[in-house]
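*Asks:* Dumping the structure here so I can ask a few things about it.
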Amino acid sequence: MTDGTGKVVWEQGYLPFGEDLHKPGTSVVDFEVETRYKFTGQRQVVGIGLYYYGARHYDPETGRFITEDVYPGNLINPLSQNLYIYVLQNPLKYVDPTGHMANLTAGTGGITSELTDRDIERLKEIVNNDDRLTAEEKRDFK
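The sequence shown runs 130 to 271 under this note's numbering.
Next up, the structure:
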């Protein structure tokens, strides 16, 4: 977020599934910054931390939607049959702008499909060095 002169007064990073990322060496903001849109451009429900994707709510702490999808998925992609799953467990490759189904990223609405191998390795390094994540969560990201 910038002020009227263009100076950055607040910024927010996210882990791959939407949890807030606090960057080392920065101070935690002592006041709630009111913003309508956050992770992947979705509205966050103030006070409970869920994101509203239009069709249903998403919980970044669990990496899952909190209600079933109305679409049953397909047999070709077994992961799609998990009715609570977010972006087929791959937030670097897919986006889900509506809460109904994962779509390949195309440069907008999420991380672009133009990530280099170096970018992906850096993201893995960040995740693996984040002591807030369990060993299982780190393993899931690999």
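We put the beta carbon where it would ideally sit given N, CA and C, even for glycine.
All figures in this text were calculated on a predicted structure; none of them were measured in a lab.
What did DSSP end up calling Gly192 once you bin it into helix, strand or coil?
*Replies:* The answer is coil: DSSP assigns Gly192 none of H, G, I, E or B.
*Asks:* Should Arg185 be labelled buried (16 or more other beta-carbon atoms within 10 Å of its own) or exposed?
*Replies:* Result: buried.
*Asks:* In whole angstroms, what separates the C-alpha of Arg193 from that of Val138?
*Replies:* Rounded to the nearest angstrom, the two C-alpha atoms are 31 Å apart.
*Asks:* Under a three-way DSSP split, which group does Thr263 fall into?
*Replies:* Coil.
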